[in-house]
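In this note's numbering, the protein residues as written are 51 to 233.
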């Protein structure tokens, strides 16, 4: 993803934390935001006049910070989603000394190639998962993290009389062919 496309993506998803953001999208936006902030600091230094400054709102840096604060947060969360992690990993920065470095490492990690629980990879068509077929080709099923819950829910249901009779017949057949035959 190029710089203009990544800026368009970040600002069109201004308040969106769902989904994923690729490395290029995140780092192009971060480069733009850093350049904008350094430019605002330069403008503030050049134009600063203590006699005419009428408060905090007269500084360009404050405006750039306010305009980019929410997109910084949302694109970082989507970037963490792209690596397969929750957005709550942002709080690792609260750990003194190593938290910021660890957070930077998480942002640099490569993207997960396949769909994850946060959605398909950014910039790609949705690919089949969990055994869905595309064009007659069935991809191998990925592990479904919620399969155990589905199994628990299914185990609560009592089987019908026909299913119980069928299972009993299968067990009797197995017993006749494997156990009695072996004796």
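Every residue gets a Cβ at the ideal spot worked out from N, C-alpha and C, and that includes glycine.
query: Cα-Cα separation, residue 68 to residue 230; result: 58 Å
query: Continuous alpha helix (DSSP H) stretch holding residue 101: start and end; result: It is not in any alpha helix (DSSP H) - residue 101 carries neither H nor E in the DSSP assignment.
query: Same chain only: Cβ atoms within 7 Å of residue 166, ignoring 5 sequence neighbours per side; result: 134
query: Whole-angstrom C-beta distance between residue 72 and residue 172, which should lie under 8 Å; result: 5 Å
query: Given residue 118 as reference, the closest of 74, 221, 81 once Cα atoms are compared; result: 81
query: Endpoints, alpha helix (DSSP H) assigned at residue 153; result: 149-158
query: Residue 234, DSSP secondary structure in three states; result: For residue 234 there is no data in the structure shown, the boundaries of the chain being 51 and 233.
query: DSSP-derived helix/strand/coil call for residue 231; result: helix
query: C-alpha distance - residue 51 paired with residue 94, whole-angstrom precision; result: 32 Å
query: Proximity below 8 Å, CB of residue 87 to CB of residue 111; result: yes
query: Residue 55, enclosing alpha helix (DSSP H) - first and last residue; result: 53-62
query: Residue 148, buried or exposed, once every other Cβ within 10 Å from all chains shown has been counted against 16; result: exposed
query: Rounded C-alpha distance that separates residue 126 from residue 137; result: 8 Å
query: Residue 59 beta carbon less than 8 Å from that of residue 75; result: yes
query: Three-state class that DSSP yields for residue 118 in the structure shown; result: helix
query: Residue 153 versus residue 105 - alpha carbon distance; result: 34 Å
query: Within-8 Å CB hit, residue 144 to chain C; result: Of the chains in the structure shown, none is chain C; there is only one protein chain.
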